[in-house]
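Heads up: the sequence shown begins at 14 in the working numbering, then just goes up one per residue.
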Amino acid sequence: MSTVVSSVPSAATANADAVERLPHLVGGEARPGASGRTAPVFNPATGRQTGELPLASIEEVDEAVAAAATAFEEWRRVSVARRTKLMFAYRNQVAEHAGEIAKRLTAEHGKVLADAMGEVARGLENIEYACGLAEHLKGTYNEQASTGVDVYSVRRPLGVVAGITPFNFPAMVPLWMFPNAIACGNTFVLKPSPRDPGAASFIAELFHEAGFPPGVLNVVHGDHVAVNRLLEHPDVQAVSFVGSTPVARHVYETATAHGKRVQALGGAKNHMVVLPDADIDLAADSAVSAAYGSAGERCMAISVAVAVGESADPLVEAIRARMEKLRIGPGDDPASEMGPLITAEHRDRVADYVRQGAEAGARVVVDGRQAQFEGDGFFLGVTLLDHVTPDMKVYRDEIFGPVLCVVRADTYHDAVELLSDNPWGNGAAIFTRDGGAARQFQEDADAGMIGLNVPIPVPVGYHSFGGWKESAFGAHAIYGPEGVHFYTKPKVMTTRWPDPAGSRVDLGFPTNR
């Protein structure tokens, strides 16, 4: 395992003593925070505090919602053409500043720059989809639905909507939400993760520089106080959330109890089934990339490889050989392929899962706890556990770190049964050369997103992202066409313009005469 050696200060460490104080953004104005409560922001690669953000009070959340409500009264009437022009301007702002956004992601989350640039690119996809939202906001029209009666439908914005976003994709997930919501005519209150809020604040600044009116997008930093107030606020019409399953369930139950629409995406335990006929090199490359990319802190990471029959031994060996070559280090080092975890506490929690797996009987093929790193960063090596069984805690829990479990299955049907019995249903993948088996897997796999020789089947921006079972709560998936339906409500108009020459009173039920 590679050891981090920092001989020259990197961009992440150059201003180690500088602490950036992030404000709220309410009604187009930066506000320093008045609650008196703050939270530190750390650079995971160094362990040093680099930022401080205010934690909003109930009153400050109310101010953000009020600003959004005031802005909605005008924004809802802005033409689709004008909204589109502004969204194009925003798209160009994000594209122009992609490198700066990526550096902020690396400095606060720890992911390597290449991964951070990929995050920005996927966020841009959703802005570009929002630029074309005029096509998706077109209504339907039926002439002569009944004699002399025309019927047409339109979609109207909801009002003030809120987004609560996670630490693992601090730029991309907000961009899954607010561009589509705002293009539909809503106004937005964003509550980013307090662990790495800098990128979200920066893309909000770019949004206003693109020319959007004040109050259309507002940002409040905070913890459970801000979250619960958004869930309960009478003027918030809908809530979008991405995070862990327990919190997603809380968000869904609380917000729906207060009459709101909710899309709440939770955790996952994504399985990758490898059949005996699979290309083992492709499967191993994919498993390493999907399990350890972004330090495993992805809701779509592959955390379980289900090796079917004779594929097991060669697959485990191929994965192990690739793991030895991984370079772990600061995200701003071009040689690094994986960075640190988000906090010291999370790193220690992930390491403890490795201990528990070993004690439960799993074979530790590669032990990430043995990797040595200089400095105070939140680094952990990559781990591969073989002969994992479904009763083990390392299988049952979402670890959210660089740990890959190998479960051995005798047959394809045993592998599919594992997926069906798992409480999560975010994504699932199969690796095979057999088109019939792949086609059958599309039908059998009990998950919302399926990959065929693709380890992380995250849909492009013009489809929609959403899991099944305890991976998602609410009727609508996020972004894409499902996002448009989530952020709008239908209105249907029935019209009749009778011929004045034949006007008469008719008390009967309308017919199709």
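The C-beta atom is built at its ideal place from N, Cα and C for all residues, glycine as well.
Mind the definition here: the region 278 to 287 touches the region 251 to 266 only if three or more C-beta pairs lie below 8 Å; say whether that holds. Touching, yes.
Cross-strand partners of residue 276 (DSSP beta bridge): Counting from one through the sequence shown, the residue named residue 276 turns up at place 263. Looking at the DSSP assignment, residue 276 forms a beta bridge with 253.
DSSP three-state call for residue 492: helix, strand or coil? The residue given as residue 492 occupies position 479 in the sequence shown. Coil.
Among 228, 362, 245, 274, the one whose alpha carbon lies nearest that of residue 88: Locating residue 88 in the sequence shown gives position 75, where the first residue counts as 1. Distances from the alpha-carbon of residue 88 to those of 228, 362, 245, 274 put 228 closest.
Go ahead and pull the three-state DSSP assignment for residue 355. Against the sequence shown, residue 355 aligns to sequence position 342. Three-state result, residue 355: coil.
How far does the alpha helix (DSSP H) with residue 116 in it extend, from its first residue to its last? Residue mapping note: residue 116 aligns to position 103 of the sequence shown, counting from 1. 111 to 122 is the span of the alpha helix (DSSP H), which, as asked, contains residue 116.
Would DSSP call residue 131 helix, strand or coil? As a position in the sequence shown, residue 131 is number 118, starting the count at 1. The three-state reading of DSSP puts residue 131 in helix, counting H, G and I together.
Residues of its chain near residue 322, where Cβ-Cβ distance is below 6 Å and the 5 sequence neighbours each way are ignored: Here residue 322 corresponds to residue number 309 of the sequence shown, with the count starting at 1. Within the same chain, 289 come within 6 Å of residue 322 by CB-CB distance, once the 5 residues on both sides are set aside.
On the three-state DSSP scale, how would you describe residue 362? On the sequence shown, position 349 is the one that residue 362 refers to. Here DSSP, grouped into helix, strand and coil, assigns residue 362 to helix.
Where the alpha helix (DSSP H) containing residue 411 begins and where it ends: Sequence index remark: in the sequence shown, residue 411 carries index 398 (1-based). Counting along the chain, residue 411 falls outside any alpha helix (DSSP H), and DSSP gives it neither H nor E.
Is there contact between the region 407 to 423 and the region 314 to 328, where contact requires at least three CB pairs shorter than 8 Å? The region 407 to 423 vs the region 314 to 328: in contact.
Give every residue of the same chain whose Cβ lies closer than 6 Å to the Cβ of residue 429, excluding the five residues on either side of it in the sequence, and list them in chain order. Against the sequence shown, residue 429 aligns to sequence position 416. Closer than 6 Å at the Cβ level, and outside the excluded window around residue 429, lie 457.
If you compare alpha carbons, which of 436, 499, 204 is closest to residue 484? For the purposes of this step, residue 484 is identified with residue 471 of the sequence shown, where counting begins at 1. Scanning 436, 499, 204 for the CA closest to the CA of residue 484 turns up 436.
By Cβ distance below 6 Å, which residues in the same chain neighbour residue 499 in space, the five residues on each side in sequence not counted? Counted from its first residue, the sequence shown places residue 499 at position 486. So the qualifying residues of the chain are 276, 489.
Could you tell me which residues DSSP pairs with residue 417 in its beta bridges? On the sequence shown, residue 417 is found 404 positions in, with the first residue counted as 1. Beta-bridge annotation (DSSP): residue 417 is paired with 397.
May I have the straight-line CA-CA distance separating residue 327 from residue 481, to the nearest angstrom? For the purposes of this step, residue 327 is identified with residue 314 of the sequence shown, where counting begins at 1. For the purposes of this step, residue 481 is identified with residue 468 of the sequence shown, where counting begins at 1. Between residue 327 and residue 481, the C-alpha separation is close to 32 Å.
Can you look up residue 385 in the DSSP assignment and give me helix, strand or coil? Residue numbering aside, residue 385 sits at position 372 when the sequence shown is read from its first letter. Secondary structure of residue 385 (DSSP, three-state): coil.
Could you say if the region 65 to 84 and the region 34 to 43 meet the contact criterion of at least three C-beta pairs nearer than 8 Å? Yes, the region 65 to 84 is in contact with the region 34 to 43.
Could you give the distance in angstroms between the alpha-carbon of residue 475 and the alpha-carbon of residue 494? For the purposes of this step, residue 475 is taken as residue 462 along the sequence shown, with counting starting at 1. For the purposes of this step, residue 494 is taken as residue 481 along the sequence shown, with counting starting at 1. In a straight line, the C-alpha of residue 475 is about 7 Å away from that of residue 494.
Span of the alpha helix (DSSP H) holding residue 265? In the sequence shown, residue 265 corresponds to position 252, counting from 1. That run of the alpha helix (DSSP H) goes 258 to 270.
Are the Cβ atoms of residue 301 and residue 354 separated by less than 9 Å? Indexing the sequence shown from 1 puts residue 301 at position 288. Indexing the sequence shown from 1 puts residue 354 at position 341. Here residue 301 is not near residue 354, since their CB atoms are 9 Å or more apart.
Cβ-Cβ separation, residue 252 to residue 175 (assumed contact under 8 Å), whole Å: Residue mapping note: residue 175 aligns to position 162 of the sequence shown, counting from 1. Residue mapping note: residue 252 aligns to position 239 of the sequence shown, counting from 1. Contact between residue 175 and residue 252 holds, since their C-beta atoms are separated by about 5 Å, short of 8 Å.
Beta-bridge partners of residue 43, as assigned by DSSP: The residue labelled residue 43 in the question sits at position 30 within the sequence shown. 38, per the DSSP bridge assignment.
Count the other CB atoms, across all protein chains shown, that sit within 10 Å of the CB of residue 337; report buried if there are 16 or more and exposed otherwise. Here residue 337 corresponds to residue number 324 of the sequence shown, with the count starting at 1. The residue is exposed, with fewer than 16 neighbouring Cβ atoms inside 10 Å.
Report the residue from 52, 142, 54, 186 whose alpha carbon sits nearest the alpha carbon of residue 479. Taking the first residue of the sequence shown as position 1, residue 479 is located at position 466. Check the Cα spacing between residue 479 and each of 52, 142, 54, 186: the tightest is with 186.
Which term fits residue 61, buried or exposed, when burial requires 16 or more other beta carbons within 10 angstroms of its beta carbon? As a working mapping, residue 61 is identified with position 48 in the sequence shown. So residue 61 ends up on the buried side.
Give a yes or no on contact between the region 190 to 209 and the region 89 to 102, applying the rule of three or more CB pairs nearer than 8 Å. Contact holds: three or more Cβ-Cβ distances are below 8 Å.
Alpha carbon to alpha carbon, how far is residue 134 from residue 166? For the purposes of this step, residue 134 is taken as residue 121 along the sequence shown, with counting starting at 1. For the purposes of this step, residue 166 is taken as residue 153 along the sequence shown, with counting starting at 1. Distance between the alpha carbons of residue 134 and residue 166 is about 34 Å.
How is residue 156 classed by DSSP in three states: helix, strand or coil? Counting from one through the sequence shown, the residue named residue 156 turns up at place 143. DSSP, read as helix, strand or coil, puts residue 156 in strand.
Sequence ranges, beta strand (DSSP E) only - wholly within the region 46 to 116, length at least 3: Runs found: 51 to 56, 61 to 67.
Buried or exposed: residue 248, going by 16 or more other Cβ atoms within 10 Å of its Cβ? The count along the sequence shown starts at 1 and reaches residue 248 at position 235. Around the CB of residue 248, fewer than 16 other CB atoms lie within 10 Å, so the residue is classed as exposed.
Just to confirm, are residue 170 and residue 501 a CB contact at a threshold of 9 Å? The sequence position of residue 170 within the sequence shown is 157, counting from 1. The sequence position of residue 501 within the sequence shown is 488, counting from 1. For the pair residue 170 and residue 501, the CB atoms are nearer than the 9 Å cut-off.
Can you say whether residue 54 is buried or exposed, counting buried as having 16 or more other CB atoms within 10 angstroms of its CB? Counted from its first residue, the sequence shown places residue 54 at position 41. Counting of Cβ neighbours within 10 angstroms places residue 54 among the buried residues, the total reaching 16 or more.
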